[in-house]
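So the structure is just underneath, and the comments pick up after that.
Numbering (my numbering), first residue to last: 24 to 199.
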């Protein structure tokens, strides 16, 4: 399974398991696309300046700060988007490194990265009883508007990986 498929599966199953199956929540008071794009740009700039470790430290601090709120906020939604985008990129990079080399360097596998991200995001959405339909829309917005901007900002001149994470794994295996 490809790293992006692993992440999609987590966002679609593990993540949604913690969300409420009730109808959609009211629309947020903020422009989600603008918020996701701003989060993508900020995180990519931080990672380019200070590296992936600092980006994860920033995301951790973001969760710690914004999970204190009694309500689901624009800032917390930016944290979640950044976590999802950062993990996608690192899983993609680490998937190109042989597993033995990852272990030798003490670097987590793409599966471990995705699992940890899934736990963080599940906890965030579950804490605010965010409904499945809201999570699905949010994931789609990050996939369409956040990740491509994040990737292009982080790796200028590089081609953004295709968004094939929604196709069944069997279809991707046939293409390989």
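Here a beta-carbon is modelled for each residue, glycine too, at the ideal position from N, C-alpha and C.
If you draw a 10 Å sphere on the C-beta of residue 150, you find fewer than 16 other C-beta atoms in it, and that means exposed. Contact between the stretch 119–133 and the stretch 93–103 is not established, with fewer than three Cβ pairs separated by less than 8 angstroms. The stretch 52–71 makes contact with the stretch 164–180: 3 or more CB pairs, one atom from each, lie closer than 8 angstroms.
For residue 133, the enclosing alpha helix (DSSP H) stretches over residues 133–150. Just measuring C-alpha positions, the residue of 178, 183, 180 and 165 sitting nearest residue 58 is 165.
When the five nearest sequence neighbours on each side are left out, the beta carbons in the same chain lying within less than 7 angstroms of the beta carbon of residue 90 are those of 99, 147 and 150, in order along the chain. Here DSSP, grouped into helix, strand and coil, assigns residue 154 to strand.
Residue nearest to residue 56 within the set 161, 117 and 178 is 161 (criterion: CA-CA distance). Exclusion of the five residues before and after residue 71 leaves 177 as the residues of its chain whose Cβ lies within less than 7 angstroms of its Cβ.
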